[in-house]
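S.K.: Sharing a structure below in structure tokens format, with a few things to ask.
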Amino acid sequence: AQSVTQLDSHVSVSEGTPVLLRCNYSSSYSPSLFWYVQHPNKGLQLLLKYTSAATLVKGINGFEAEFKKSETSFHLTKPSAHMSDAAEYFCVVSVNFNKFYFGSGTKLNVKP
Amino acid sequence: SAVISQKPSRDICQRGTSLTIQCQVDSQVTMMFWYRQQPGQSLTLIATANQGSEATYESGFVIDKFPISRPNLTFSTLTVSNMSPEDSSIYLCSVRTVDTTGELFFGEGSRLTVL
Chain D
1 AQSVTQLDSH
11 VSVSEGTPVL
21 LRCNYSSSYS
31 PSLFWYVQHP
41 NKGLQLLLKY
51 TSAATLVKGI
61 NGFEAEFKKS
71 ETSFHLTKPS
81 AHMSDAAEYF
91 CVVSVNFNKF
101 YFGSGTKLNV
111 KP
Chain Y
1 SAVISQKPSR
11 DICQRGTSLT
21 IQCQVDSQVT
31 MMFWYRQQPG
41 QSLTLIATAN
51 QGSEATYESG
61 FVIDKFPISR
71 PNLTFSTLTV
81 SNMSPEDSSI
91 YLCSVRTVDT
101 TGELFFGEGS
111 RLTVL
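Which chain is which? The protein sequence lines are D and Y, in order. Its first residue numbered 1, the first sequence is counted upward by one per residue in the working numbering. Its first residue numbered 1, the second sequence is counted upward by one per residue in the working numbering.
Structure below.
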């Protein structure tokens, strides 16, 4: 069975400081992992994905994530937060791309 | 990539009525899904829309309540039947396309409020 745990429901950072959004997964097979962002009243946009290639994955808008099999983690980071990063972020796991399991989401607040 | 158009984008409905949501994609897709996002919650998969056959529903969702059609590769509908206030949610259409490496693309969603 597959599942995703996002460890923080809310994260608040100041503009210009680093962002860390934590995600742990459980999977019986080699997973593919994704991070999506949802801005208010918008659909979901793919930030980045891991599909068994390089373990450090770079995405859009300066975000990156590292797949750590030993820790079953796929944490999302960004060196310097921008006000426009305020949104909800979802970690997603999939096996064979037939079903996708969403974490509960992390709301990122960026303070000026 | 894929551009997904959902209609309506939002609606206010009366208890006991039904509403059909349409999803149109601009490119060939391999799979189409319908998700529900209740207020303040994450996404929950309702069903996989199968072309030309009955949809595959997840546990807790039934065809009588959420009938789904997919007459061709790029179009699907989801009906929310006999609505109650508990059905107030955002309903999202999602697809996988033939030319990508597995990720899902999402429409902007249909926000339903049931009074």
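Note that beta-carbon positions come from the ideal geometry of N, C-alpha and C, so glycine has one too. Being a predicted model, the structure only gives us computed values, none of them experimental.
Can you find the residues in the same chain that come closer than 6 Å, C-beta to C-beta, to Y/T44, ignoring five residues on each side of it along the sequence?
M.R.: Residue 44 of chain Y sits at position 44 when you count from the first residue of the second sequence. Counting only Cβ-Cβ distances below 6 Å, and skipping sequence neighbours, we find R36.
S.K.: What are the residues that DSSP puts in a beta bridge with Y/V80?
M.R.: Position 80 of the second sequence holds residue 80 of chain Y. Answer by DSSP bridge pairing, in chain order: Y/L19.
S.K.: Does DSSP put Y/D26 in a helix, in a strand, or in coil?
M.R.: Position 26 of the second sequence holds residue 26 of chain Y. Note: Y/D26 maps to coil in three-state DSSP.
S.K.: Nearest chain Y C-beta to D/K68 closer than 8 Å, yes or no?
M.R.: Taking the first residue of the first sequence as position 1, residue 68 of chain D is located at position 68. False, the Cβ-Cβ gap to chain Y never drops below 8 Å.
S.K.: Taking all protein chains shown into account, do 16 or more other C-beta atoms lie within 10 angstroms of the C-beta of D/D85, making it buried, or fewer, making it exposed?
M.R.: Translated into positions along the first sequence, residue 85 of chain D becomes position 85. Buried, since its Cβ has 16 or more Cβ neighbours within 10 Å.
S.K.: So, for Y/V25: in the same chain, excluding its five sequence neighbours on each side, which residues have a beta-carbon less than 6 Å away from its beta-carbon?
M.R.: As a position in the second sequence, residue 25 of chain Y is number 25, starting the count at 1. Correct list, in chain order: A2, I4, T74, V95.
S.K.: Does DSSP classify Y/P71 as helix, strand or coil?
M.R.: Within the second sequence, residue 71 of chain Y is the residue found at index 71, counting from 1. In this structure, Y/P71 counts as strand in the three-state DSSP scheme.
S.K.: Quick check: the Cα distance between D/S138 and D/K68, rounded to an integer number of angstroms?
M.R.: Because chain D is modelled from 1 through 112, residue 138 of chain D falls outside the range shown and cannot be assessed.
S.K.: Closer than 9 Å between beta carbons: that is the criterion. Which residues of the region 29 to 58 of chain D meet it against chain Y?
M.R.: So the close ones are S32, F34, Y36, Q38, N41, K42, G43, L44, Q45, L46, K49, T51.
S.K.: Could you give the residue range of the beta strand (DSSP E) that holds D/T5?
M.R.: Start at 1 with the first residue of the first sequence, and residue 5 of chain D comes out as number 5. 3 to 6 is the span of the beta strand (DSSP E), which, as asked, contains D/T5.
S.K.: Quick one: what's got a C-beta closer than 8 Å to D/L44's C-beta in the same chain, skipping five residues either side?
M.R.: In the first sequence, counting from the first residue as 1, residue 44 of chain D sits at position 44. Excluding sequence neighbours, D/L44 sits near Y36, V37, Q38, F90.
S.K.: Could you spell out where the beta strand (DSSP E) holding Y/T118 opens and where it closes?
M.R.: Look at the range of chain Y in this structure, 1 to 115, and you will see that residue 118 of chain Y is not part of it.
S.K.: Could you tell me if D/T106 is buried or exposed, where buried requires 16 or more neighbouring beta carbons within 10 angstroms of its beta carbon?
M.R.: The residue you call residue 106 of chain D lines up with position 106 of the first sequence. Burial call: buried.
S.K.: Whether or not the region 6 to 19 of chain D and the region 71 to 90 of chain Y are in contact is what I'm after, with contact meaning three or more pairs of Cβ atoms, one per stretch, closer than 8 Å; do they touch?
M.R.: The region 71 to 90 of chain Y vs the region 6 to 19 of chain D: no contact.
S.K.: For Y/E58 and Y/A49, which I take to be in contact (beta-carbon distance under 8 Å), what is that distance rounded to the nearest angstrom?
M.R.: Locating residue 58 of chain Y in the second sequence gives position 58, where the first residue counts as 1. Locating residue 49 of chain Y in the second sequence gives position 49, where the first residue counts as 1. About 12 Å separates the two Cβ atoms, so there is no contact after all.
S.K.: Given this structure, state the Cα-to-Cα distance separating D/A87 from D/N109, to the nearest angstrom.
M.R.: The residue labelled residue 87 of chain D in the question sits at position 87 within the first sequence. The residue labelled residue 109 of chain D in the question sits at position 109 within the first sequence. Spanning the two alpha carbons is a distance of roughly 7 Å.
S.K.: What does the Cβ neighbour count give for D/Y29, buried or exposed, with the cut at 16 atoms within 10 Å?
M.R.: Here the question's residue 29 of chain D lines up with position 29 in the first sequence. Exposed is the call here.
S.K.: Any Cβ of chain D within less than 8 Å of the Cβ of Y/S42?
M.R.: Within the second sequence, the letter at position 42 stands for residue 42 of chain Y. So yes, Y/S42 belongs to the interface.
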